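**Student:** Let me begin by handing over the structure; questions about it come next.
Protein chains: 4
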Amino acid sequence: MAKKKPLRIGLIGYGFMGRTHSNAFRKVPNFFPELKYEPQLAAVCARNKDRAQAFADQWGYESVETDWKKLIARDDIDVIDIAAPNNVHHEIAIAAAKAGKAILCEKPLALDCKEGEEMVREVEKAGVANMVWYNYRRIPAVTMAKEMIDEGRLGKIYHYRSNFLQDWTINADLPQGGAALWRLDAQAAGSGVTGDLLAHCIDTAVWLNGGIKDVSAMTETFIKERVHQDTGEKMPVTIDDACVFHCHFNNGSLGLFESTRYARGHKALYTLEINGENASIRWDLHDLNRLEFFDYSDEGIVRGWRSIHVSDGDQPYMGNWWVPGLCIGYEHTFVHQVADFLRSLDKGEVCSPTFREALETAKICDAVLDSAKNRRWEDVS
Amino acid sequence: MAKKKPLRIGLIGYGFMGRTHSNAFRKVPNFFPELKYEPQLAAVCARNKDRAQAFADQWGYESVETDWKKLIARDDIDVIDIAAPNNVHHEIAIAAAKAGKAILCEKPLALDCKEGEEMVREVEKAGVANMVWYNYRRIPAVTMAKEMIDEGRLGKIYHYRSNFLQDWTINADLPQGGAALWRLDAQAAGSGVTGDLLAHCIDTAVWLNGGIKDVSAMTETFIKERVHQDTGEKMPVTIDDACVFHCHFNNGSLGLFESTRYARGHKALYTLEINGENASIRWDLHDLNRLEFFDYSDEGIVRGWRSIHVSDGDQPYMGNWWVPGLCIGYEHTFVHQVADFLRSLDKGEVCSPTFREALETAKICDAVLDSAKNRRWEDVS
Amino acid sequence: MAKKKPLRIGLIGYGFMGRTHSNAFRKVPNFFPELKYEPQLAAVCARNKDRAQAFADQWGYESVETDWKKLIARDDIDVIDIAAPNNVHHEIAIAAAKAGKAILCEKPLALDCKEGEEMVREVEKAGVANMVWYNYRRIPAVTMAKEMIDEGRLGKIYHYRSNFLQDWTINADLPQGGAALWRLDAQAAGSGVTGDLLAHCIDTAVWLNGGIKDVSAMTETFIKERVHQDTGEKMPVTIDDACVFHCHFNNGSLGLFESTRYARGHKALYTLEINGENASIRWDLHDLNRLEFFDYSDEGIVRGWRSIHVSDGDQPYMGNWWVPGLCIGYEHTFVHQVADFLRSLDKGEVCSPTFREALETAKICDAVLDSAKNRRWEDVS
Amino acid sequence: MAKKKPLRIGLIGYGFMGRTHSNAFRKVPNFFPELKYEPQLAAVCARNKDRAQAFADQWGYESVETDWKKLIARDDIDVIDIAAPNNVHHEIAIAAAKAGKAILCEKPLALDCKEGEEMVREVEKAGVANMVWYNYRRIPAVTMAKEMIDEGRLGKIYHYRSNFLQDWTINADLPQGGAALWRLDAQAAGSGVTGDLLAHCIDTAVWLNGGIKDVSAMTETFIKERVHQDTGEKMPVTIDDACVFHCHFNNGSLGLFESTRYARGHKALYTLEINGENASIRWDLHDLNRLEFFDYSDEGIVRGWRSIHVSDGDQPYMGNWWVPGLCIGYEHTFVHQVADFLRSLDKGEVCSPTFREALETAKICDAVLDSAKNRRWEDVS
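Chains as they are written, first to last, in my numbering: chain A, 30 to 410; chain B, 30 to 410; chain C, 30 to 410; chain D, 30 to 410.
In structure tokens, the structure reads:
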């Protein structure tokens, strides 16, 4: 067996996303043995040393750092993986680019597209590999949808609609901000559901259906004040609890998007549907192994939505897992993304979505937030 | 508009089935204007004159009778429609045949196949039109399944499975027998779920998949004693609450059947699935407008069960109703059956299922009950 | 049996809606025997006498008229039922009101809300019974949703979303306008999907969730020119093929609406979902017997969306039909609406939706069309 | 962090099941950090040294063996994990027991229950920890079903039904036997679908619903001859392609079981449903994160099957994975089983299913095969 090339990973942040990435780095060599690169868990970095050490012990990181600048300064690190809150992506990524590291960055790219533009400029100037963790592109059913669209099976597209519905912040007693709840604090997160949830919908949409021209949006903050964990005081809530927008895609199709954390009954219901002249596709995250497909070219009387259980060896990524009918889950999206990243390194290609691609999503998010604030249509710059 | 030929109906029984038939007779001319015959509601017959009159007023019957022999003796009646309990089918049908009437008989044909054989003999001797109300063949989705099988879309058949699950007799305080509950009394009904529910599954199965060779069955009566409505006394329950059997079809496929009134959560869940070499079909009564279809000849990666909403004009019977996407319901099966019966009269053909066809189901039911009683395989005679 | 009071119906129009109404008038006495009024099919009116006569023969109308003014002038008519294209609702309704007739009018109420306001004024001045056929309120599952909301089961409402998706006009060769296709001609229909489909979504929404404050909309006409059936010439298409809007309800919840005839794979998929603090409800027209319900007060680990098969005797309207588990269909909504109308006459109450209630929907439709045209938020007047 | 106790694993077999086990051993420390034991991948054993080495490299085994007797003889091995074909379970397990090793054995336990009885005797005599990989008990939804039944939520049980449907051997050109296809060779596998698929259904059923008293079964081999991979000759097929049985459980409920590899359209559709007096449960492997639950104690009008997405932290095992709404997959069942095994070692308890428990399933499988052969009811010994 040919010796693999090691790729030394330095992870920043040990929260939820730190776990998903670490698991992916560890599993890739087991399930994608054909790859030439092998991730090595060189170091995890976090301010709290004890917690960082506990995380390192649990996941097998060789060392810990408490200052991300030191991590970036280390010669034995090839890749900086940013799994820290949104408000530090910008500074870390630029420093890592300047140090010549490859960079994997959690989504959304940054707090806003101004930050994002600087990040794109720096990584491109440095010429380093860069990728943003919009993981849902690598659900096999979603990847297959992309292939089907690219093959022209859907024909001219008329409609794209996508939701991301949750219900976990309905309780008025839930605090805002602080450690595990930084996503509820606009200072750390940049926005509420727009950057957290809708950004996923937009990333997939642009990937599947091309760019967006203009948007008309509406946001809402249902519960106006919550206790902030850091201060213990009741303060105005500054994030958006819900965001809705409609838009024109550049290809002439109409888009309809919604995300909320107030849709009682939905845990993490990311859905998408795309209607073309010849065929349509539907998918949702709660039943992620299934792709629904309607093909108008089927004979009329037996035409219907097909429920495709995407678990066969000739469906995207599935040849590396089990046998037909056996499900995979959420975490596999990250494994697939690492596998594709390693493959791209070997081929000397970019791995999508790059920072530049993620910037497109950031621009749309900014246009959406502006439109909601100004109560008018906004062009995507 | 050409004048239609009147077909004078005499209905016996005004219970649940009396309503379904009456509605069908009334609706056929509105929705199937192409038919040459038109049913006329000549008389309804029941022992209780006041109730019969109320029913006649509600449904537009011209007259009432309290003695079915008088009804049969009337010259102005063309068709005797038997919607009375199972234990009177035999006597009425034979008398009606001898009087030269066309006969429509509720299912099951009779209490057992001995009675059924006599009925077949008499209607065939008399040469009268005859039909049994196994209405579920006329669900458009089921009719379409039949057409698909006959076209050979499924190829060689391996498996047929069918359930009829209900839960309405779980309560131990429910009485047995009497007026509205005669289905719980073996004297009036002949058997429990076997004749009431499983007979439907068997009728459809034989229609779709051909004859059954041998059966191995099991029945159960979960609640052993119930108060009888007629006597007010607690008496042994003699019907089967549940019946399960497996079998060989003549075509070599395996059958698996179950019916019960103790399946908590299911109101009237009649299901069927048939697996062929090339394709499979599934259907259930709770979502009766849908047919599920799996076609192995679809391209591999986009193969999946199709959920076909059977509501288009080119699907069976649906051209006579509304527009695509608009549901029909349970009662329409009876309208379709009347329409087919009228069409058969005009063409001089039989209308399926005839008494002879229904006798096949009766034989299988008898074999099932014998097998359960004797705890051994039984051949279908 | 107490003699019923006859209610003499004069129907204008014999198209699709003429059939649904006629069937409803005929079935009500059979299935709702408790009602004191009984519709009598006095006359059908249409310009083409032969076709009107054929329709009268098929459905049992006693007479035909070719001039609706003569129909309105007849003393033996109690109710004028308007099932003609949208552009004649206004004139007929006002004349009927002046003649003191009760009026049943197909939806949408009129071409626009200016017409609608005049109609409301006249029926109220005349003091005649009036009702608009927004039939989907009478789907038992939808009616039950209304009762559940009114009982407070959902609590504070956060989101309302509703779609009406079809795909029947995708073909570029389909002509516009003329006889059976008047819905594709803005002259006859007023608008495209907005008045035809979205109006249903809005009517139900306002009924379930209260009034709408402001809207931001987008419409699209995908195929710009089609041959007009009347002229045989290719002309600009003036209807909207698709319409999307988001809005604020007066109760503070957010609304999201979409209708289109270009959603490949959907025949007539009317859907609605409402998310409250304590519970959520979902429903769609393709599986109209089911209501999905999520109740947050259920114990956490066994919480889930319930699929309720609305077919039990204690669920709205279902006690008048069959037994649990047996489906009803589209046409039953009209029977229910007639039953409610007859009941309201007996009680001396209005029957919802009245012209005034339907005007509210017309105002929202106008605001939606204005918003799309002007590319800005519009208040609902 | 307290140092974990190492548990040195020796795996025999590197096929499909070798992968599932290896992945589980590797993931447990990452996701179940609370456990005191930590598996160490000491050695993998297989006859082909190169392949064994490649597997070891891929999965991180420290060493390879080509003779399982040598593996068992090694002092540095604590656990023998048998993932080899069924016909070697018996000999290896007995040798491992005699060597005092803990034993994990793939299912079914052995070729027949005679072999199984000897294995039980030896592990119990040796007093070694032992467990059989009936992994589906550890689907969170299935584990939750078990807890719900044990809490009495279902009440008296009336019905248990379970299927395992596949379609991968329909093609007549598929060979039998040999390397990857040993499951199609009765010599290596003992039986066809009975031991491979139905054994899973039975294991879960007995766990959830208690012992089985007697069975009536039917088996079928649809394609009678296939080329054997080892000989290249067409030979009679000796496995069962399909197996159906009904039975009485000791608790008085009725059971209905079916497995086949000829159900076109189903990849690996393991389903189960259990109907109790008060509630019912349904589950299937294609949508493994969902449990369907019907609770009769719900208020009548809003009663319905709940679709529970089993992905919350307070549902079995899910607190160790992600956040609500995010799916896990097939492989997680093995992780859970290893976690439970490690926990049982720490507590000094057995880990279910033990060899003795798996023997119960073997007895039922034998009775099923006997019943099919003898065409009569058979008692489970």
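Here a beta-carbon is modelled for each residue, glycine too, at the ideal position from N, C-alpha and C.
Just so we're clear, the structure is a prediction, and the values are computed from it rather than from any experiment.
1. Is the segment 203-218 of chain B close to the segment 307-324 of chain B, with three or more CB pairs under 8 Å?
2. Determine, for residue 137 of chain D, whether the minimum Cβ-Cβ distance to residues of chain A falls below 7 Å.
3. When you compare each of D/401, D/410, D/354, D/165 to residue 3 of chain B by their alpha carbons, which one comes out closest?
4. Should the segment 219-238 of chain D be called in touch with the segment 299-310 of chain D, which here means at least 3 C-beta pairs below 8 Å?
5. So the beta strand (DSSP E) residue 288 of chain D belongs to, where does it begin and stop?
6. My guess is that residue 116 of chain D and residue 219 of chain D are in contact by the Cβ rule of under 8 Å, so how many angstroms apart are they, rounded?
7. Strictly under 7 Å for the Cβ-Cβ distance: is residue 309 of chain A near chain C by that measure?
8. Quick check on this structure: which residue in A/316, A/292, A/241, A/258 has the alpha carbon closest to the alpha carbon of residue 279 of chain A?
9. Which first and last residues belong to the beta strand (DSSP E) in which residue 277 of chain B is found?
10. Which whole-angstrom value is the C-beta distance of residue 336 of chain C and residue 336 of chain D, which I expect to be below 8 Å?
11. So with Cβ pairs under 7 Å, would you call residue 177 of chain B a contact of chain D?
12. Kindly indicate which three-state DSSP category residue 380 of chain A falls into: helix, strand or coil?
13. Name the residues in the segment 277-302 of chain B whose C-beta lies less than 8 Å from a C-beta of chain C; which are they?
14. Assess contact between the segment 198-205 of chain C and the segment 346-357 of chain C, defined as three or more Cβ pairs (one per stretch) separated by less than 8 Å. Is contact present?
15. Is DSSP giving residue 86 of chain B helix, strand or coil here?
16. Pick out whichever of D/342, D/105, D/239 has its Cα sitting closest to the Cα of residue 40 of chain D.
17. Quick one: is residue 351 of chain B near chain A, going by C-beta distance under 7 Å?
18. With residue 184 of chain C and residue 59 of chain C assumed to form a contact (beta carbons below 8 Å), what rounded beta-carbon distance in angstroms separates them?
19. Would you list, in sequence order, the uninterrupted beta strand (DSSP E) runs of no fewer than 3 residues that lie entirely inside the segment 146-190 of chain C?
20. Are the beta-carbon atoms of residue 217 of chain B and residue 268 of chain B separated by less than 7 Å?
21. Answer yes or no: does any C-beta atom of chain D fall closer than 7 Å to that of residue 54 of chain B?
22. Using the Cβ count rule (16 or more neighbours within 10 Å means buried), how would you classify residue 265 of chain A?
23. Are any of the Cβ atoms in chain D nearer than 7 Å to that of residue 343 of chain A?
24. Within 7 Å of any Cβ in chain C, is that where the Cβ of residue 304 of chain A sits?
25. Could you list which residues in chain D have their beta carbon closer than 8 Å to that of residue 334 of chain C, in chain order?
26. Compare the C-alpha of residue 365 of chain C against each of C/329, C/170, C/330 and name the closest.
27. Anything in the segment 187-209 of chain C with a Cβ closer than 8 Å to a Cβ of chain B? List those residues in chain order, please.
28. For the segment 256-272 of chain D, list every residue whose C-beta sits within 9 Å of some C-beta in chain B, in sequence order.
29. Just the Cα atoms here: how many angstroms apart are residue 128 of chain A and residue 320 of chain A?
30. Can you round the beta-carbon distance between residue 331 of chain C and residue 318 of chain C to whole angstroms, since I take them to be within the 8 Å contact cut?
31. Residue 397 of chain A to residue 245 of chain C, Cα distance in whole Å?
32. Are the Cβ atoms of residue 157 of chain D and residue 131 of chain D separated by less than 7 Å?
33. For the putative contact between residue 186 of chain A and residue 238 of chain A, defined by C-beta atoms under 8 Å, what is the C-beta separation to the nearest angstrom?
34. Of the residues C/392, C/150, C/138, C/34, which one's Cα is nearest the Cα of residue 164 of chain C?
35. Check the Cβ of residue 370 of chain B against every Cβ in chain A and list those closer than 8 Å, keeping chain order.
36. Any Cβ of chain C within less than 7 Å of the Cβ of residue 249 of chain A?
**Tutor:** Looking at the coordinates:
1. no
2. no
3. With chain B running from 30 to 410 in the structure shown, residue 3 of chain B is simply not present.
4. yes
5. 283-289
6. 7 Å
7. yes
8. A/241
9. 271-278
10. 7 Å
11. no
12. coil
13. 295, 296, 297, 298
14. no
15. helix
16. D/105
17. no
18. With a Cβ gap of about 40 Å, residue 184 of chain C and residue 59 of chain C do not count as contacting.
19. 159-161
20. no
21. no
22. exposed
23. no
24. yes
25. 335, 336
26. C/170
27. 195, 197
28. 270, 271
29. 42 Å
30. Not quite, the Cβ-Cβ distance comes to about 24 Å (not below 8 Å), so this is no contact.
31. 14 Å
32. yes
33. 6 Å
34. C/138
35. Going along chain A, no residue has its Cβ under 8 Å from residue 370 of chain B, so there is no contact; the nearest lies around 24 Å.
36. yes
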